[in-house]
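**Student:**
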Amino acid sequence: MEYFLQNLINALQWGSFYAVISIGYSMVYGVLMLFNFAHGDIFMVGTYIGFGIATLFLALFMPILPGWVIFIMVIIVTMFLASFVGVMVEVIGYRPLRGAPRASAAITGLMIGIIFETGNLILLGAQRFSFPALIESVSYNVGGVYFTNVKVLIIVVSLVLMAALHTFIQKTKWGMAMRAMSYDFKAVPLMGVSINIIAPLTFAIGAGLASVAGILYGQAYPVLDPYMGILVGWKAFVAAILGGRGSIMGAALAGYLLGFIEIFVAMVFPSTFRDLIAYSIILIILTFRPRGFFGMAHSTQLRL
Amino acid sequence: MNFIKNFFRKFSVVPLAGWLLGVFAAVLIEFYLGEDVISYYLYLPKVPVLFGALVMLKEPILIPSVLAYDLLVYVIPILLVARLTAPLTNGLAAFLENMPLWLATLLHLIAFYGVLHLWAGINDYRVLVVKLTMIAVILTVSLNIINGYQGEFSCSHPGFMALGAYASSVLTLKLFANDKVFGAALLPPEYGPYLFPLILIAGGLVAALGSLVVAIPSFRTRGDYLAIISLAFLFIVKSAIENMELVGGPRGLSSQPNFASMPVVFIWMSLCIWVIHNFTTSVMGKALNTVRDNEGAASSMTVNTRKTKMTAFMFGAFWAGVAGGLFAHVLRYVNPSTFGIQKLAEILAMVYFGGLNSIYGSIVGAVSINVLGEALRPLELWKWIIIPLILILVMIYRPHGLISFTEINVEKLLRARNRDNDTGGE
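Here the protein sequences come in this chain order: A and B. Residues in the first sequence are numbered consecutively from 449, following the numbering used here. Residues in the second sequence are numbered consecutively from 256, following the numbering used here.
(1) Grab the span of the alpha helix (DSSP H) containing T615(A) for me, first residue to last.
(2) Check the DSSP bridge columns for D434(B) and list the partner residues they point to.
(3) Cα separation between G681(A) and D291(B)?
(4) Which runs of the alpha helix (DSSP H) at least 4 residues long sit entirely within the segment 501–574 of chain A? Give them in chain order.
(5) In the DSSP assignment, what residue or residues form a beta bridge with F451(B)?
(6) Between the segment 710–721 of chain A and chain B, which residues of the former have CB atoms less than 7 Å from a CB of the latter, in chain order?
(7) I want to verify the contact list: residues of chain A whose CB lies under 9 Å from the CB of N498(B), in sequence order.
(8) Under the DSSP definition of a beta bridge, which residues are partnered with S630(A)?
(9) Is it buried or exposed, N568(A), if we count other Cβ atoms within 10 angstroms and call 16 or more buried?
(10) Examine chain B for any beta-carbon lying closer than 8 Å to the beta-carbon of R576(A), and answer yes or no.
(11) Who pairs with Y588(A) in a beta bridge, going by DSSP?
(12) Taking just the CA atoms, how far does Q511(B) sit from R587(B)?
(13) Interface residues of chain A around Y480(B) at Cβ under 9 Å?
(14) Answer yes or no: does any C-beta atom of chain B fall closer than 8 Å to that of S642(A)?
(15) Anything in the segment 278–297 of chain B with a Cβ closer than 8 Å to a Cβ of chain A? List those residues in chain order, please.
(16) So that I know if they touch, is there some Cβ in chain B lying closer than 8 Å to that of M559(A)?
(17) Can you check whether the C-beta of F490(B) is within less than 8 Å of a C-beta belonging to chain A?
(18) Beta-carbon within less than 8 Å of V370(B)'s beta-carbon, same chain only, minus the 5 sequence neighbours each way: which residues are those?
(19) Cβ of V538(B) within 8 Å of Cβ of V546(B)?
(20) Run through chain B and tell me which residues come within less than 9 Å of W682(A), C-beta to C-beta.
(21) Just verifying my parser: in three-state terms, what is the DSSP assignment at Y588(B)?
(22) Determine the burial state of I602(A): buried for a count of at least 16 other Cβ atoms within 10 Å of its Cβ, exposed for fewer.
(23) Per DSSP, F577(A) is paired with what?
(24) Leaving out five residues before and five after V269(B) in sequence, what residues of the same chain have Cβ atoms less than 6 Å from its Cβ?
(25) Could you check whether the Cβ of L750(A) sits closer than 8 Å to any Cβ belonging to chain B?
(26) Would you say V686(A) reaches chain B, if we count a Cβ-Cβ gap shorter than 8 Å as a contact?
(27) Here's the rule I'm using: 16 or more other beta-carbon atoms within 10 Å means buried, otherwise exposed. How should A567(B) be labelled?
(28) Return yes when the Cβ of S623(B) is within less than 8 Å of the Cβ of S659(B), no when it is not.
(29) So for L669(B), helix, strand or coil by DSSP?
(30) Between the alpha carbons of L326(B) and A600(B), how many angstroms are there, rounded?
(31) When DSSP labels each residue in this structure, what does L322(B) get in the three-state scheme?
(32) Can you tell me which residues form a DSSP beta bridge with S509(B)?
(33) Near A661(A), which residues of its chain fall below 7 Å by C-beta distance, leaving aside the five closest residues on each side in sequence?
(34) Among L734(A), V590(A), A625(A), L571(A), which residue has its Cα nearest to the Cα of M639(A)?
(35) May I ask you to list, following chain order, the residues of the segment 597–630 of chain B that have a beta carbon less than 7 Å from some beta carbon of chain A?
(36) Within this structure, are the beta carbons of L649(A) and Y496(A) separated by less than 8 Å?
Here is the structure:
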């Protein structure tokens with residue numbers, strides 16, 4: 449039982465990364481009907497920005513301010529900066545392709561991702577950076593289950609972010625515009641809501657969330673490398689599909705589900721079987737429920 | 256402007272056979288004079304490998320020499336010989352027109368292979384580049400069946416390739432090689448080159464069987480969900496191979512016998528292009544297009560959509576498996592991490608760069624991306640900035656790819672060019 453609870457916490461932590469990142473995929477899908485394949489690498493860039501800001505702020509404010517204040521400041525500043533990366537990707541990469549086949553946009557996304565990875569290697573070299581610890585790690589032991597405050601923090605911050613996003617989408621005017629856009633992206637621009645404002649906003653929010661996921665990831669697994677976005681990004685993409693296209697709640701739930709599957713497979717089988725079994729489960733789910741958990745049934749006309 | 260127009264008009268009378276003859280002359284010059292005479296007097300350390308692209312990027316001081324070399328060895332002889340022999344080659348082309356088309360095509364292919372062999376024979380690097388490019392052509396053309404003609408977004412091509420590569424590697428290692436894992440050779444190695452085609456076909460069949468995993472869900476879904484199913488298939492194949500100790504796990508398989516020589520790869524590539532061209536112009540190939548454009552309408556017009564989808568996937572996967580088998584025997588080493596997301600991005604880039612729904616485009620895409628990748632190698636990392644940028648520009652200005660929805664017309668390609676009715680409306 450303790451072993452199970454122990455893994456449950458690990459799975460929640462691991463699933464949090466997937467959930468927060470896959471929301472970015474899902475939101476872009478909802479508004480523009482295309483998957484932003486560069487999102488995994490936006491996550492990587494966000495992590496590096498977070499690393500830079502964290503190092504800077506730790507050097508500037510370390511003795512003056514308590515750790516959690518610095519942590520919140522790092523998150524806010526990084527989100528702000530990373531959102532510009534998202535807007536840039538939209539304006540340069542996707543806007544010229546609005547009317548193009550969706551597969552062309554997918555290729556562009558892949559290529560932007562490669563440019564980010566290589567650009568990072570050129571700028572920073574092949575050395576591995578280590579993300580500084582913003583919060584001092586403290587272990588707790590409750591009834592035989594060990595966990596650290598960092599793990600709890602990761603789970604709580606992710607949940608708070610998702611709740612904030614939900615409120616934003618449901619309660620604000622901007623959120624309403626985004627929902628309307630995902631309902632009908634042809635008619636809504638005629639009603640005076642410009643897609644050239646809503647689309648960058650969506651990319652900005654997705655990139656901001658991904659950068660926070662990056663900071664949290666850096667707290668749990670401090671080693672950074674330019675290709676870190678590939679694996680996490682593609683898995684989050686799978687989670688976004690599994691949850692149902694354009695469904696934010698579905699993406700979050702599927703992200704957690706993917707985290708659970710991966711951790712619990714590693715608990716029972718040798719850990720090299722993790723991908724094999726996780727993807728087999730996904731393949732079976734999608735074979736029998738092709739539209740994911742919360743996705744709309746789609747017409748046969750729609751294709752990449 | 257007018258000058259350029261006139262210049263090109265002068266060469267519009269040269270048939271394909273003439274260009275082949277010109278290239279043959281250039282290659283002969285390079286073969287006999289390239290190393291000792293021309294390179295020597297131009298202060299080049301050795302014959303420039305890929306038209307000097309590598310040397311130019313490494314040592315910019317040699318750029319004038321390299322350009323002079325290209326001009327002397329390639330441009331001037333090709334243009335001169337092609338133009339001067341045009342009456343002769345036009346006669347030849349007219350003579351070949353009266354022959355059956357397959358014979359004329361075959362003769363052109365043999366001539367083309369001869370020139371290619373001579374050109375590549377100058378050093379081993381060229382041989383490797385040519386072989387890998389031809390394999391990339393097979394991969395690209397076969398993915399174009401699924402992504403272009405059938406209109407899905409399949410991400411599992413490296414997975415099919417891995418299945419073919421491993422199946423054929425295991426067979427050759429088991430049958431023809433004294434291997435530590437697979438034991439002594441079951442058959443004398445002399446039989447190897449003759450049985451190699453069968454082994455490649457077996458590899459292709461394994462890949463085609465594997466493709467059922469993606470093809471059957473495609474009955475009910477398409478678009479994004481099928482993309483994910485195929486992506487999951489890719490990860491499953493890769494992960495399964497990593498966990499199979501019999502085939503070396505993550506370390507991979509090595510020391511496959513050297514069966515994939517250049518003529519073998521060339522014959523398979525020509526065969527692949529020919530078969531796929533015939534397939535896409537057949538009734539079944541047209542059915543693929545109808546399923547892509549409107550599945551419901553196709554179904555009501557008596558197209559069996561399930562059979563069509565299954566055929567497309569199995570056929571594409573078969574050729575990907577063959578390409579994988581050739582790939583394994585060219586490099587003589589495979590490991591699972593070769594067949595990952597990077598490979599996928601590479602193949603997709605070639606297909607969408609060249610153009611959807613076009614075999615011609617696929618050949619152009621595969622050759623240009625491959626040769627560009629090799630030529631820009633000295634730039635190291637910058638190569639991976641330049642190639643994606645080119646692709647993004649192509650996607651923005653030609654969203655369907657460079658040459659999409661165009662078919663090769665072999666008859667038109669091979670015919671003589673000196674007749675009046677061939678110059679268009681003039």
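Glycine residues also receive a C-beta, built at the ideal position from the N, C-alpha and C atoms.
**Tutor:** This is what the structure holds:
(1) Indexing the first sequence from 1 puts residue 615(A) at position 167. Counting along the chain, the alpha helix (DSSP H) containing T615(A) begins and ends at 597–619.
(2) Taking the first residue of the second sequence as 1, we reach residue 434(B) at position 179. BP columns for D434(B) point to G438(B).
(3) Position 233 of the first sequence, counted from the first residue, corresponds to residue 681(A). Position 36 of the second sequence, counted from the first residue, corresponds to residue 291(B). Answer to the nearest angstrom: the Cα atoms are 54 Å apart.
(4) The qualifying runs are 515–536, 550–572.
(5) Stepping through the second sequence from its first residue, residue 451(B) is reached at position 196. DSSP lists no partner for F451(B).
(6) T720, F721
(7) By 1-based counting over the second sequence, the position of residue 498(B) is 243. Near N498(B) (Cβ distances below 9 Å), the residues of chain A are P718, T720, F721, L724.
(8) Residue numbering aside, residue 630(A) sits at position 182 when the first sequence is read from its first letter. Paired residues: none, contrary to the question.
(9) Looking up residue 568(A) in the first sequence gives position 120. Counting other Cβ atoms within 10 Å of its Cβ, N568(A) reaches 16 or more and is therefore classed as buried.
(10) Here the question's residue 576(A) lines up with position 128 in the first sequence. It does not: the Cβ of R576(A) has no partner Cβ on chain B nearer than 8 Å.
(11) Translated into the one-based positions of the first sequence, residue 588(A) becomes position 140. According to DSSP, Y588(A) bridges with F595(A).
(12) Numbered from 1 along the second sequence, position 332 holds the residue referred to as residue 587(B). Numbered from 1 along the second sequence, position 256 holds the residue referred to as residue 511(B). Going from the Cα of R587(B) to the Cα of Q511(B) covers about 5 Å.
(13) Taking the second sequence and counting its residues from 1, the one referred to as residue 480(B) is at position 225. Counting only Cβ-Cβ distances below 9 Å, Y480(B) has contacts in chain A at I689, R693, L734, P738, R739, G740, G743, H746, in chain order.
(14) Locating residue 642(A) in the first sequence gives position 194, where the first residue counts as 1. It does not; no Cβ of chain B falls within 8 Å.
(15) none
(16) Here residue 559(A) refers to the residue found at position 111 when the first sequence is read from its first residue. So, interface residue.
(17) Here residue 490(B) is taken as the residue at index 235 of the second sequence, counted from 1. For F490(B), the answer is yes, since a Cβ of chain A falls inside 8 Å of its Cβ.
(18) Stepping through the second sequence from its first residue, residue 370(B) is reached at position 115. These residues qualify, in order along the chain: L275, V278, F279, V282.
(19) Here residue 538(B) corresponds to residue number 283 of the second sequence, with the count starting at 1. Here residue 546(B) corresponds to residue number 291 of the second sequence, with the count starting at 1. The answer is no: Cβ separation not under 8 Å.
(20) As a first step, residue 682(A) must be located in the first sequence, where it is residue number 234. Those within 9 Å of W682(A) in chain B are L486, F490, I596.
(21) Locating residue 588(B) in the second sequence gives position 333, counting from the first residue. Three-state DSSP puts Y588(B) in a strand.
(22) The residue given as residue 602(A) occupies position 154 in the first sequence. Its Cβ being crowded by 16 or more others within 10 Å, I602(A) is buried.
(23) In the first sequence, residue 577(A) corresponds to position 129, counting from 1. Bridge partners of F577(A) according to DSSP: L672(A).
(24) To locate residue 269(B), count along the second sequence from 1; it is residue 14. Same-chain partners within the cutoff: A337, A341.
(25) On the first sequence, position 302 is the one that residue 750(A) refers to. Because L750(A) sits at a pLDDT of 45, beneath the cut-off of 50, its placement in the model cannot be relied upon, and the point is left open.
(26) On the first sequence, residue 686(A) is found 238 positions in, with the first residue counted as 1. It does; some Cβ of chain B falls within 8 Å.
(27) Counting from 1 along the second sequence, the entry for residue 567(B) is found at position 312. Its Cβ being crowded by 16 or more others within 10 Å, A567(B) is buried.
(28) Taking the second sequence and counting its residues from 1, one reaches residue 659(B) at position 404. Taking the second sequence and counting its residues from 1, one reaches residue 623(B) at position 368. No.
(29) What you label residue 669(B) is simply residue 414 of the second sequence in a count that begins at 1. In the structure shown, L669(B) sits in a helix (DSSP, three-state: H, G or I).
(30) The residue you call residue 326(B) lines up with position 71 of the second sequence. The residue you call residue 600(B) lines up with position 345 of the second sequence. If I take the Cα positions, the gap works out to 35 Å.
(31) For this step, residue 322(B) is matched to residue 67 along the second sequence. Helix.
(32) As a first step, residue 509(B) is located in the second sequence; it is residue number 254 there, counting from the start. Per DSSP, Y588(B).
(33) On the first sequence, position 213 is the one that residue 661(A) refers to. Answer for A661(A): F465, V468, I469, F491, listed in chain order.
(34) Here residue 639(A) is taken as the residue at index 191 of the first sequence, counted from 1. Closest option to M639(A), Cα to Cα, is A625(A).
(35) A600, L603, A604, Y607
(36) Within the first sequence, numbered from 1, the residue matching residue 649(A) stands at position 201. Within the first sequence, numbered from 1, the residue matching residue 496(A) stands at position 48. The answer is no: Cβ separation not under 8 Å.
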